[in-house]
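For the sequence shown, the numbering used here gives the first residue as 2, with consecutive numbering after it.
Take a look at the structure below.
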Amino acid sequence: MSDWADVAKVGEIPPGGSKLVYLDGVKVAVFNLGGEYHAIEDICTHDGGELASGTVEGEEIVCPRHGARFNIKTGAVTAPPAYEPVYSFPLRVYDGTIQIRDDRWD
Numbered sequence: 002m003s004d005w006a007d008v009a010k011v012g013e014i015p016p017g018g019s020k021l022v023y024l025d026g027v028k029v030a031v032f033n034l035g036g037e038y039h040a041i042e043d044i045c046t047h048d049g050g051e052l053a054s055g056t057v058e059g060e061e062i063v064c065p066r067h068g069a070r071f072n073i074k075t076g077a078v079t080a081p082p083a084y085e086p087v088y089s090f091p092l093r094v095y096d097g098t099i100q101i102r103d104d105r106w107d
C-alpha cells in the first residue's frame, strides 16, 4: 500500500481551480469543486493531452485539445471523443493538508 502524499494546503487551490502535482512520476490534477477536493490523472485518454489546463464546467473538466469531458469526482468519460475513464486517486484532508495516494498497485 502506498503512503499518503501532501499536495497542497486547504485553501491553496481556489474554488473551480486546479493544481498539477506529481505522484511517483505520474501527473495528477487536484481540483477544488466548491470546497471539495478531487484528484484525477492529468492525461486525456483520447490522445494523451493534459487536462488540468482545460475548462472546469460544473463537475466536469473539458480537455483543451479536442473537447472530451471527464467527471472530476469519478474520472468517468461524460463526452467523446474519449471513451476510457481517467484514474481517480484517493484523496483526504488531514490536519489542513490535502493528501493523495496511488492505490493502483496495492
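For glycine and all other residues, C-beta sits at the position ideal for the given N, C-alpha and C.
These figures come from a predicted structure and were not determined experimentally.
Length of the line joining the Cα atoms of residue i and residue j
i	j	result
Thr98	Gly12	9 angstroms
Gly35	Leu52	19 angstroms
Leu24	Asp43	11 angstroms
Phe32	Phe71	13 angstroms
Ala6	Trp106	16 angstroms
Within 8 angstroms, strictly: CB atoms of residue i and residue j
i	j	result
Phe90	Ile14	no
His39	Cys64	no
Buried or exposed (CB count within 10 angstroms, at least 16 for buried), residue i
i	result
Val94	exposed
Glu85	exposed
Ala69	buried
Asp4	exposed
Residue i: first and last residue of the uninterrupted beta strand (DSSP E) it sits in
i	result
Thr79	78-80
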